[in-house]
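In the working numbering, the protein residues as written are 41 to 188.
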């Protein structure tokens, strides 16, 4: 068992140096207010699980979203990506919304710790009533915790 653990640790260390990994805390404002993680597995792929909520006197809302972004060739210091995602919105007095979205975005990493982004896209609600053409947009910032 110890040899197996040592082997897995060695593989992890070698893969960590061969494949760059970034982990960041991300804040997004737009059609939804979300906070979550930004896990960048390579120069081409990132996954973003996010949560959000909104509470006021009349209602409450809870949002969950997961999106994957595929980075296209860089435009100088500016990076652009295309992605798809899933979302679930739970409302206090309304039916839930579940859907998919496609988006295009731009990211600019100011330094190794801080980056900003903006994205636009099209969402489709697939729950109780089918709705397409829900315009989705967002701007935000990422604070990188791990940056290899």
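Quick reminder that beta carbons are idealized off the backbone N, C-alpha and C, glycines included.
Check: Run through the DSSP bridge pairs and tell me what residue 182 is partnered with.; Outcome: 66 and 155
Check: Near residue 84, what residues of its chain come up, given a Cβ to Cβ distance below 8 Å and the 5 sequence neighbours on each side ignored?; Outcome: 110 and 111
Check: What residues in its chain sit with their C-beta under 6 Å from that of residue 107, if we drop five residues either side in the sequence?; Outcome: 88, 123 and 125
Check: Mark residue 100 as exposed unless 16 or more other C-beta atoms lie within 10 angstroms of its C-beta, in which case mark it buried.; Outcome: exposed
Check: Could you compute how far the alpha carbon of residue 63 sits from the alpha carbon of residue 163?; Outcome: 26 Å
Check: With burial defined as no fewer than 16 other Cβ atoms inside 10 Å of the residue's Cβ, what is the status of residue 74: buried or exposed?; Outcome: buried
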